[in-house]
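Protein chains in written order, with our numbering: chain P, 6 to 116; chain S, 948 to 1057.
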């Protein structure tokens, strides 16, 4: 397993508050991704990164921002959490952009 | 929108039977991958098939790819209760933007 650590693993927050999820990898993979998983939708890509300070939007990026200041860390920020952002968030990494390795997920509930 | 779509959404079989799941996608791809997810866990990579390949095997897994039909299938032979999980196909839409389908939920009854 790739060394991917997500934190926090579980969080309950109130609508309108900012939330930051952290992903840390020890594999020195170039590519990092944030996905959200919801029933009936599978996994949807939020943002991805192809290098330090190089990021791009995925298919559901509205309401989310990311930062990657170091190879090993990829942060996902919800600027003002909404109930529609209640989901399971997965961080993933890839060496070459092919095989993707996933973290164990972060369960976020916005009340 | 999702690039890949799995079919069926759910599949229930008896231990020892074969399980077949299908994936259809919309645009040209460089490769197609299958992943497995146990309940409450992250996804785990199973197998990758490149666009110039038609079939690939890995243990009890057999993957086929038909680029003319934009479809792939995953066959699990001699299924076991431990194969119970959700299975996802993933395609590289562009620029390493990997897109996943909604998955097939496989239940293998002992």
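Here a beta-carbon is modelled for each residue, glycine too, at the ideal position from N, C-alpha and C. Note that the structure is a prediction, hence the values are computed from the model and not measured.
Under the three-state DSSP convention, the category residue i falls into
i, result
"residue 67 of chain P", "coil"
"residue 90 of chain P", "helix"
"residue 1049 of chain S", "coil"
"residue 1060 of chain S", "For residue 1060 of chain S there is no data in the structure shown, the boundaries of chain S being 948 and 1057."
"residue 907 of chain S", "There is simply no residue 907 of chain S to check, as chain S begins at 948 and stops at 1057 in what is shown."
"residue 105 of chain P", "coil"
"residue 976 of chain S", "coil"
"residue 1038 of chain S", "strand"
"residue 948 of chain S", "Because residue 948 of chain S carries a pLDDT of 48, less than 50, the predicted location of this residue cannot be relied on, and the following value inherits that uncertainty. Reduced to three states, the DSSP call for residue 948 of chain S is coil."
"residue 963 of chain S", "coil"
"residue 1000 of chain S", "coil"
"residue 953 of chain S", "strand"
"residue 1056 of chain S", "strand"
"residue 75 of chain P", "strand"
"residue 1007 of chain S", "coil"
"residue 991 of chain S", "strand"
"residue 62 of chain P", "strand"
Straight-line Cα distance separating residue j from residue i
i, j, result
"residue 948 of chain S", "residue 64 of chain P", "Confidence is the limiting factor: at residue 948 of chain S the pLDDT is only 48, short of 50, which leaves the residue's position unreliable, though a coordinate-based value still follows. Each residue's Cα considered, the two are about 7 Å apart."
"residue 90 of chain P", "residue 76 of chain P", "26 Å"
"residue 34 of chain P", "residue 108 of chain P", "13 Å"
"residue 102 of chain P", "residue 54 of chain P", "10 Å"
"residue 996 of chain S", "residue 989 of chain S", "21 Å"
"residue 1057 of chain S", "residue 1007 of chain S", "18 Å"
"residue 1003 of chain S", "residue 111 of chain P", "33 Å"
"residue 114 of chain P", "residue 1018 of chain S", "36 Å"
"residue 58 of chain P", "residue 959 of chain S", "45 Å"
"residue 106 of chain P", "residue 1023 of chain S", "22 Å"
"residue 78 of chain P", "residue 1034 of chain S", "28 Å"
Cβ neighbour criterion (16 or more within 10 Å) applied to residue i
i, result
"residue 961 of chain S", "exposed"
"residue 19 of chain P", "exposed"
"residue 1025 of chain S", "exposed"
"residue 1051 of chain S", "buried"
"residue 60 of chain P", "buried"
"residue 927 of chain S", "The structure shown has nothing for residue 927 of chain S, since chain S only spans 948 to 1057."
"residue 1038 of chain S", "buried"
"residue 49 of chain P", "buried"
"residue 84 of chain P", "exposed"
"residue 953 of chain S", "buried"
"residue 17 of chain P", "exposed"
"residue 9 of chain P", "buried"
"residue 116 of chain P", "exposed"
"residue 15 of chain P", "exposed"
"residue 1048 of chain S", "buried"
"residue 12 of chain P", "exposed"
"residue 1046 of chain S", "buried"
Chain B within 7 Å of residue i, Cβ atoms only
i, result
"residue 1021 of chain S", "This model lacks chain B altogether, as its protein chains are P and S."
**Report entry** Cβ pair count under 8 Å reaching 3, the region 27–41 of chain P against the region 85–102 of chain P
**Finding:** The region 27–41 of chain P vs the region 85–102 of chain P: in contact.
Query raised in the report: Along the chain, which unbroken stretches of the beta strand (DSSP E) at least 3 residues long are found entirely within the region 11–43 of chain P?
Result: Within the region 11–43 of chain P, the complete beta strand (DSSP E) runs of at least 3 residues are 15–18, 24–30, 36–43.
Query - Given 8 Å, three or more beta-carbon pairs between the region 66–73 of chain P and the region 963–972 of chain S - result: The region 66–73 of chain P makes no contact with the region 963–972 of chain S: fewer than 3 CB pairs, one atom from each, lie closer than 8 Å.
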